[in-house]
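Peer 1:
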Amino acid sequence: MKTSDASIVAALAALCVATNYVLVSVPNVKLMDFLVFIGGFCFGAFAGTLIGVLTWAVYGVINPYGFVLQVWLATMLSESIYGVAGGLLRKSLSVTGFNGQYLRVSVFFGAMGFLLTLIYDVITNIAYALTLMEKVPVAVVILYGVPFTLLHEISNATIFGVCSIPMITAISKIAGRETFGVSKK
Amino acid sequence: MAFLKSKWVVATLVILCWASAASFAAGYYYYQYSDLLIKTRGKIIRVNLGVNYGDGRPTVWFNGTEARMGSTLLDVTMLVVNVNYTMYPGMGALVNSIDGVANSHPRYWMWWMWTTWGGWVEGPVACDRYVVGDNETLFWYYEDTSVSPLPKPP
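Residue numbers (the numbering used here), protein chains in the order written: chain A, 1 to 185; chain B, 186 to 339.
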């Protein structure tokens, strides 16, 4: 990882932490997942994972909703899903870029945001159920959380769909387009 | 991204998202409906409600409190004690005080329900969203919420 890339990764992690605290009163609507995904997309899966882990290392420990070790570890590791997915998609997208298919790529990113969030929510809900709800069936915990889960998925689908291409393009300009292989003709 | 050239790939992903959301929503409403059906049998229900003020006083029990079927925990609580609450749109009611004992960080009014399978279980929703069942035992506990996991009722 180049120094300039590392500095942007650190900046993205700081942005994740800051936006999390700004949006702390809005349950399940956060920019963090999107930023981790973008970090993975632009700088590779390792960098994306790093952003997620660094963010949770701060936000998970100093959290107004409290701290539970098992849930913290689960969220920290699950967050890396976004970074890894972003890193894998980067390789595929670099072949052709976004040229002429902005709408299709935006819908694709939106769908990816939805599905990745679904996986994240299921994993973290299971960890929450096993840790804090002891004898409550896991399925019941997941079903009780459905309104929050859907809010999380829909908000992430919207953010991923609308903001991904502009954000990737902006980072390409800042860090040098050759870094990503994303064509912006 | 070669596979994106086929519109069916994107369409399939969108349908997959829709199917997941619909399945989760259906599961949620089925569970809520089943729960409500069980709880609303009969016209008058009796609820056991405990209140612990967290100041060393013994728990006050209002056993056999009668309420209409379909009543929420907030409805039942207001039958037996003085409640001050704030309604948050989309979230539900937050109880600010009971009998003059007001929330003061980190101590808040939390509610618990007694279950046969897990003993005391923390209330999963706001008190005005929870429809009480016949012979159910519920508990208001003024407790320190900075402790995790939350201390269960005494």
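For each residue, glycine too, the CB sits at the ideal point set by N, CA and C.
Because the structure is a prediction, the values reported are computed rather than measured.
Given A/Val-29, which residues of its chain have a CB within under 8 angstroms of its CB, disregarding the five upstream and five downstream residues?
Peer 2: Working through the first sequence from its first residue, we reach residue 29 of chain A at position 29. So the qualifying residues of the chain are Leu-23, Leu-151, His-152, Ser-155.
Peer 1: Quick one, are the C-beta atoms of B/Leu-258 and B/Leu-335 less than 7 angstroms apart?
Peer 2: One-based indexing of the second sequence puts residue 258 of chain B at position 73. One-based indexing of the second sequence puts residue 335 of chain B at position 150. Taking 7 angstroms as the Cβ cut-off, B/Leu-258 and B/Leu-335 do not qualify as a contacting pair.
Peer 1: If you draw a straight line from the C-alpha of B/Asp-220 to the C-alpha of A/Ser-25, how long is it?
Peer 2: For the purposes of this step, residue 220 of chain B is taken as the residue at position 35 of the second sequence. For the purposes of this step, residue 25 of chain A is taken as the residue at position 25 of the first sequence. Distance between the alpha carbons of B/Asp-220 and A/Ser-25: 30 angstroms.
Peer 1: Buried or exposed: where does A/Thr-3 fall if 16 or more other Cβ atoms within 10 Å of its Cβ makes it buried?
Peer 2: Counted from its first residue, the first sequence places residue 3 of chain A at position 3. The residue in question, A/Thr-3, is exposed, as its Cβ has fewer than 16 Cβ neighbours within 10 Å.
Peer 1: How big is the Cα-Cα spacing for A/Ile-51 and A/Leu-15?
Peer 2: Locating residue 51 of chain A in the first sequence gives position 51, where the first residue counts as 1. Locating residue 15 of chain A in the first sequence gives position 15, where the first residue counts as 1. Distance between the alpha carbons of A/Ile-51 and A/Leu-15: 10 angstroms.
Peer 1: Does the beta-carbon distance from A/Gly-110 to A/Gly-40 come in below 7 angstroms?
Peer 2: Position 110 of the first sequence holds residue 110 of chain A. Position 40 of the first sequence holds residue 40 of chain A. The answer is no: Cβ separation not under 7 angstroms.
Peer 1: Distance, Cα to Cα, A/Tyr-65 vs A/Leu-12?
Peer 2: Mapped onto the first sequence, residue 65 of chain A falls at position 65. Mapped onto the first sequence, residue 12 of chain A falls at position 12. Rounded to the nearest angstrom, the two C-alpha atoms are 23 angstroms apart.
Peer 1: Looking at the unbroken beta strand (DSSP E) that takes in A/Ala-157, where does it start and where does it end?
Peer 2: By 1-based counting over the first sequence, the position of residue 157 of chain A is 157. That residue, A/Ala-157, is in no beta strand (DSSP E); its alpha helix (DSSP H) goes 146-175.
Peer 1: Curious, which full-length beta strand (DSSP E) runs of at least 3 residues does the region 304-329 of chain B contain?
Peer 2: Segments of the beta strand (DSSP E) lying fully in the region 304-329 of chain B: 304-307, 322-329.
Peer 1: Could you say if the region 73-92 of chain A and the region 109-126 of chain A meet the contact criterion of at least three C-beta pairs nearer than 8 angstroms?
Peer 2: These segments touch.
Peer 1: In angstroms with no decimal places, state the Cα-to-Cα distance between B/Trp-294 and B/Val-316.
Peer 2: The residue labelled residue 294 of chain B in the question sits at position 109 within the second sequence. The residue labelled residue 316 of chain B in the question sits at position 131 within the second sequence. Roughly 18 angstroms between the two C-alpha positions.
Peer 1: Would you say A/Lys-135 faces chain B, with C-beta separation under 7 angstroms as the test?
Peer 2: To locate residue 135 of chain A, count along the first sequence from 1; it is residue 135. Yes, A/Lys-135 lies at the interface with chain B (some Cβ there is under 7 angstroms from its Cβ).
Peer 1: With distance defined between alpha-carbon atoms, name the residue in A/Tyr-102, A/Ile-142, A/Glu-134 nearest to A/Thr-124.
Peer 2: Here residue 124 of chain A refers to the residue found at position 124 of the first sequence. Residue A/Ile-142 is the option with its Cα nearest to A/Thr-124.
Peer 1: What residue ranges within the region 246-295 of chain B form continuous beta strand (DSSP E) runs of no fewer than 3 residues, ordered along the chain?
Peer 2: Here the runs fully enclosed are 268-273, 277-283.
Peer 1: Could you give the distance in angstroms between the alpha-carbon of B/Gly-308 and the alpha-carbon of B/Met-298?
Peer 2: On the second sequence, residue 308 of chain B is found 123 positions in, with the first residue counted as 1. On the second sequence, residue 298 of chain B is found 113 positions in, with the first residue counted as 1. Rounded to the nearest angstrom, the two C-alpha atoms are 6 angstroms apart.
Peer 1: Could you please tell me which residues of the region 256-284 of chain B, in chain order, have their CB closer than 7 angstroms to any CB of chain A?
Peer 2: Taking 7 angstroms as the Cβ-Cβ cut-off against chain A, none of the residues of the region 256-284 of chain B qualify.
Peer 1: Quick one: what's got a C-beta closer than 6 angstroms to A/Val-122's C-beta in the same chain, skipping five residues either side?
Peer 2: Here residue 122 of chain A is taken as the residue at index 122 of the first sequence, counted from 1. No residues qualify anywhere along the chain.
Peer 1: Whose Cβ in chain B lies nearer than 9 angstroms to the Cβ of A/Met-67?
Peer 2: The sequence position of residue 67 of chain A within the first sequence is 67, counting from 1. Reading the sequence as shown, one finds Phe at residue 67 of chain A and not Met. By Cβ distance, chain B contributes Ser-333.
Peer 1: Suppose the cutoff is 8 angstroms on Cβ atoms and the five residues either side in sequence are ignored; what does the same chain contact list for B/Met-254 look like?
Peer 2: For this step, residue 254 of chain B is matched to residue 69 along the second sequence. Result list for B/Met-254: Lys-224, Thr-225, Arg-226, Gly-227, Lys-228, Ile-229, Ile-230, Asp-319, in chain order.
Peer 1: Determine, using beta-carbon pairs with one atom in the region 270-278 of chain B and one in the region 286-293 of chain B, whether at least three such pairs fall under 8 angstroms.
Peer 2: Because the criterion of three Cβ pairs below 8 angstroms is not met, the region 270-278 of chain B and the region 286-293 of chain B do not touch.
Peer 1: Helix, strand or coil: which one does DSSP assign to A/Val-136?
Peer 2: For this step, residue 136 of chain A is matched to residue 136 along the first sequence. Looking at A/Val-136 - three-state DSSP - the assignment turns out to be coil, as it is neither helix nor strand.
Peer 1: A/Ala-47: buried (16+ other C-beta within 10 angstroms of its C-beta) or exposed?
Peer 2: Locating residue 47 of chain A in the first sequence gives position 47, counting from the first residue. Result: buried.
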